[in-house]
Structures are given as C-alpha cells and as structure tokens.
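So the structure is just underneath, and the comments pick up after that.
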Amino acid sequence: MAAGLGTRLRPLTEELPKPLIPIFQKPLITFALDHLIHVGVNRFVINTHRLPELFQNFFAAREYAGFSTTLIHEPDLLETGGGIKNAESHFGSEPFLTYSGDILTDVELQPLIDEHFRRGNDVTLALRHTGLASAVALRDHRVVDISNRYGVAGNFDFANIAVWNSSIFQRISPHKKISFIPIIADWINQGGRIGGIALDDGNWFNIGSRKEYLDVHRLISNKHWRPAYVKRREWPERKASSAIVDSSAQLRGCTVVGRNCRVGADAILDDTILWPDAEIASQSRLEACIVRSQKKVTGIHRDIDI
19 MAAGLGTRLR PLTEELPKPL IPIFQKPLIT FALDHLIHVG VNRFVINTHR LPELFQNFFA
79 AREYAGFSTT LIHEPDLLET GGGIKNAESH FGSEPFLTYS GDILTDVELQ PLIDEHFRRG
139 NDVTLALRHT GLASAVALRD HRVVDISNRY GVAGNFDFAN IAVWNSSIFQ RISPHKKISF
199 IPIIADWINQ GGRIGGIALD DGNWFNIGSR KEYLDVHRLI SNKHWRPAYV KRREWPERKA
259 SSAIVDSSAQ LRGCTVVGRN CRVGADAILD DTILWPDAEI ASQSRLEACI VRSQKKVTGI
319 HRDIDI
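Convert by adding 18 to the 1-based position in the sequence shown; the result is the number in our numbering.
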C-alpha cells in the first residue's frame, strides 16, 4: 500500500514518495518487500498515487529480488478499501496480505498467517500497542469493534498489516474512495469472522514525521538494529561508495551520506541525513538536518529539512 500522500513528512515528501525515502541507503518500501519474502510471499502488487514515475523508475524491471512486481496507479486516491478493490484483477481466489509501505518493522509475520487459517477468518489484523491509538477491540481472538462503532472500547491499534480472503472484493464497489475501516465495521455486524492477533514483539515504526525518521536512524546506529530479513550485506550503509567526503570532514552520530554526495573540507555533520546527490560546502556545520537530493547547503544549520 504505497499510495499515501505523506503529508506529515513534508517537505521531505514533496519530491519523493514516503515509501521511497532512504533508510541508510535502502528505500523504505523494500523493507516491507523483504519482510514478506521472508515468509514466502513471491508476488507483489503496489498501488501508487503521487509521483508514480519514481515508482516506475525504481521497479523498471517489474520485479523485486526476482519476484514479480506489478504497479497500479490511482489517479484519484481511493484510500485503503478502494485501493484493495482496485487491485482485484491481479489476485485469484487465494488469501493475500496487505502491508503499509510507510512502516518499518521486524515483527514476526508467521503467527499472523497461522492465526488466519487456524481460526478460519475472513480477515485477520495484525494488532499492537503502538502508543498511537487503541481503535481496535479484540475479545477472545475476535475483533468486535473498530473505531468505537458499537461502543466497545479498543485495546489495540492496527499495525498496518493484514491477511484477507478474496471475499473482501465483494464488499467494495469499484472505483469507490473508501477506507477499509467502515467495511470491516459493517462486516462485524453481519457476522464476519474478523480476527486479530497481538504482535508486540520486535520493533515497529510509523515513520510519519522528521523526528521519527531521524529516531529510526539513531536506533539503527546506536543499537545496531538490523531486521533478520534484510539480506543486503552492506546494510546499514553509512557512506555510499560513490560519495566524496573530504578527509578533514567529520561524520558524527547517525549521519548518513548518500550516493554521489559531496562533503567539503572541515564540514561537520552530526545526526544528519544526506540523500543522493546532495552537496555540503566546506566548513559547513549541520546538526539533526535532512538534506534532500540535489540540494546544496552552506553555513550552520540545526533541526531543519533542506
């Protein structure tokens, strides 16, 4: 699910969709794809809305890690329910997973899949105490309310990953802009088997702000966090091999220097992320900054996006 607007992360997402923002040189959406490959998924469908050409460029071969990858563009944003319906022609009758393209997590997915089939559910939601909300009421392995539709207090948040049976397609009208939340709420009332399972293990990040983006880099750097499903040996890559950093420059904290970047003499970068092709002038000092692609920076800056 990669069709969001990324409004809370602006201006970073003005020129790059949130699922493509780099985490130590690795685009965010590729963590989701690697995670799914790890549990046996071998075909992907990705919906897009803003800047679809950047997804087309990244997935130019229509595959990822050797697995078929189909892009579906939504000129008009259809939200989560409409986005699922819009992908119907690319699925058969087998169950499928949805995974938000803007989260980063290493939770175990197999328990979610096992729960779906063990309980014979129509839908099974990954749930978590995220600290963001408690919109989902889970009682005896069943979701009995969502967003307080029936007055039952929630005790979990949706962790943005779910398993669905193909019967979901019958419940959504074509080309309709709709969240899946009211669809599930109606389904509960009509006797649907809506399940859920708590996945409170591991790490789960909703990268919705610059602070959360920087915090993820700090955690990876300071705690040496690396999801088991990431197979790329050089990740996390602190400085891209094509970057040119003057020998007198200092890279401190969780600083990351992207592809083809240039960092001048005596520059000091502290907890600062440089996206590809950024350029930092000599004697500049940046702390807790994010420099987007092809931007040139000079002087002293702190806590800003450039």
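Ideal Cβ placement from N, Cα and C applies to all residues, glycine included.
Integer Cβ distance of Val-59 from Leu-115, believed to fall under 8 Å: The pair is a contact, with the Cβ atoms about 7 Å apart (cut-off 8 Å).
Over what stretch of residues does the alpha helix (DSSP H) that includes Gln-74 continue unbroken? The continuous alpha helix (DSSP H) containing Gln-74 extends over residues 70-76.
Could you round the C-beta distance between Met-19 and Asn-75 to whole angstroms and report it? I think they count as a contact, below 8 Å. No, Met-19 and Asn-75 are not in contact; Cβ-Cβ is about 20 Å, not under 8 Å.
Bridge partners - Val-154, DSSP secondary structure assignment: Answer is Ile-164 and Phe-174.
Sorted by chain position, which residues of the same chain lie with C-beta nearer than 6 Å to Ser-260's C-beta, five sequence neighbours on each side aside? Closer than 6 Å at Cβ, skipping near neighbours: Arg-277 and Asn-278.
Got a sec? Which residues, its chain only, sit under 6 Å from Ile-262 by beta carbon, not counting five neighbours each side? The residues are Arg-280.
When we look at the beta-carbon of Arg-310 and count the other beta-carbons within 10 Å, is it buried (16 or more) or exposed? So Arg-310 ends up on the buried side.
Does the structure place the region 180-192 close enough to the region 227-236 that three or more beta carbon pairs sit under 8 Å? Of all C-beta pairs linking the region 227-236 to the region 180-192, fewer than three are shorter than 8 Å, placing the two stretches out of contact.
Rounded straight-line distance, which links the Cα of Arg-228 to that of Ile-324: Cα to Cα, the separation comes out at about 12 Å.
Which residue comes first and which comes last in the alpha helix (DSSP H) that contains Asp-204? Per DSSP, Asp-204 belongs to the alpha helix (DSSP H) from 198-207.
Which one of Ile-164, Asn-221, Gln-188 and Ser-152 has the shortest CA to CA distance from Asn-173? The option with the nearest alpha carbon to Asn-173 is Ser-152.
List the DSSP bridge partners of Asp-288. Among the bridge pairs identified by DSSP, Asp-288 is matched with Arg-270 and Glu-305.
Where do the ends of the beta strand (DSSP E) carrying Phe-223 lie? Annotation: the continuous beta strand (DSSP E) that includes Phe-223 extends over 222-224.
Check each candidate in Leu-156, Val-63 and Leu-51 and name the one with the smallest Cα separation from Ala-83. Residue nearest to Ala-83 within the set Leu-156, Val-63 and Leu-51 is Leu-51 (criterion: CA-CA distance).
Tell whether a beta-carbon distance below 9 Å holds between Leu-156 and Leu-217. No, the Cβ-Cβ distance between Leu-156 and Leu-217 is not below 9 Å.
Does the count of Cβ pairs from the region 205-221 and the region 128-144 closer than 8 Å reach three? Yes, since at least three Cβ pairs between the region 205-221 and the region 128-144 fall closer than 8 Å, the two stretches touch.
Would you mind working out which of Ala-267, Cys-272 and Gly-100 sits nearest Phe-187, comparing C-alpha positions? Selection Ala-267, Cys-272 and Gly-100 evaluated against Phe-187 yields Gly-100 as nearest (Cα-Cα).
Please classify Arg-211: does DSSP put it in a helix, a strand, or coil? Arg-211 falls in the coil class under three-state DSSP.
Using the beta-carbon count (16 or more within 10 Å), is Asp-321 buried or exposed? Exposed, because fewer than 16 other Cβ atoms sit within 10 Å of the Cβ of Asp-321.
Considering only C-alpha positions, which residue in the set Arg-244, Ala-105 and Pro-113 is nearest to Asn-139? In terms of CA proximity to Asn-139, Pro-113 leads the group Arg-244, Ala-105 and Pro-113.
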